[in-house]
Amino acid sequence: MPASTRNEIDDFLAQKRLALVGVSRNPKDFSRGMFHELRRRGYDMVAVNPNLTEVEDTCCFGRLQDIAPPVEGVLVMTSSEKSEQVVRDCAEAGITRVWLHRGAGKGAVSEAALNFCRQQGLRVVAGYCPYMFLPETPFFHRMHGFFMKLGGAYPAYGARQPVAKQGSSS
Numbered sequence: 000m001p002a003s004t005r006n007e008i009d010d011f012l013a014q015k016r017l018a019l020v021g022v023s024r025n026p027k028d029f030s031r032g033m034f035h036e037l038r039r040r041g042y043d044m045v046a047v048n049p050n051l052t053e054v055e056d057t058c059c060f061g062r063l064q065d066i067a068p069p070v071e072g073v074l075v076m077t078s079s080e081k082s083e084q085v086v087r088d089c090a091e092a093g094i095t096r097v098w099l100h101r102g103a104g105k106g107a108v109s110e111a112a113l114n115f116c117r118q119q120g121l122r123v124v125a126g127y128c129p130y131m132f133l134p135e136t137p138f139f140h141r142m143h144g145f146f147m148k149l150g151g152a153y154p155a156y157g158a159r160q161p162v163a164k165q166g167s168s169s
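Counted from 1, the sequence shown has number 134 at position 135 by numbering that gives the first Met the number 0; the numbering is strictly sequential.
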């Protein structure tokens with residue numbers, strides 16, 4: 000599947016009601032930091048984790064299909080082994096924008112999830128971390144983006160580019 004473009008990333012981040020699937024019960028986990036930061040920036044964030052009932056004083060849902068009103072996009076921060084089921088749940092819930100988070104390793108990116116998104120016409124951001132594209136991001140995340148630009152792996156505006164194979168660094 001072609002790599003995500005900056006247009007697709009900007010489209011996802013322009014949505015104001017997002018779900019984060021895989022938000023952790025551990026308040027120090029990266030997913031919780033992401034959830035908190037997106038809320039702080041004005042996003043209407045909905046937590047999804049079948050093992051929790053509440054995150055940061057907001058209701059946590061067990062499934063995407065149970066969220067009402069529906070969200071406009073889903074940030075997937077699960078293992079790659081779980082991401083295909085998550086994108087299937089997105090399609091069932093009528094959610095057309097998906098971001099398969101990748102900070103290190105595979106993250107949520109899997110060939111099965113990408114293939115399903117393509118077959119169903121879901122708009123997918125494959126890989127990357129949203130922090131890299133938010134304004135006024137902490138230094139570490141800006142440096143991550145800088146090194147991706149140096150290596151030619153930073154997403155560009157316009158036409159899609161070929162995706163790096165699983166296991167290659169980015």
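Quick reminder that beta carbons are idealized off the backbone N, C-alpha and C, glycines included.
All of these numbers come straight from a predicted model, not from anything done at the bench.
query                                                                                                                     : result
Pairwise C-alpha distance: His143 and Tyr42                                                                               : 23 Å
Exposed unless 16 or more other CB atoms sit within 10 angstroms - verdict on Gly72                                       : buried
Residue environment, Ala163, which counts as buried when at least 16 other CB atoms sit within 10 Å                       : Its pLDDT being 39, under 50, Ala163 is placed unreliably in this model, and the value from its coordinates should be taken loosely. By the neighbour-count rule (16 or more Cβ atoms within 10 Å), Ala163 is not buried but exposed.
6 Å CB neighbourhood of Met33 in its chain, flanking five on each side removed                                            : none
Supposed contact pair Ala107 and Ser82 - C-beta distance, whole angstroms, cut 8 Å                                        : 4 Å
Cut-off 6 Å between Cβ atoms - residues of its own chain near Phe60, not counting five sequence neighbours on either side : Val47 and Ile66
Cβ neighbour criterion (16 or more within 10 Å) applied to Ser168                                                         : Because Ser168 sits at a pLDDT of 42, beneath the cut-off of 50, its placement in the model cannot be relied upon, and the following sentence gives the value as read from the coordinates. Classification for Ser168: exposed.
First and last residue of the uninterrupted beta strand (DSSP E) at Val75                                                 : Gly72 to Val75
Helix, strand or coil at Cys116 according to DSSP, with G and I counted as helix                                          : helix
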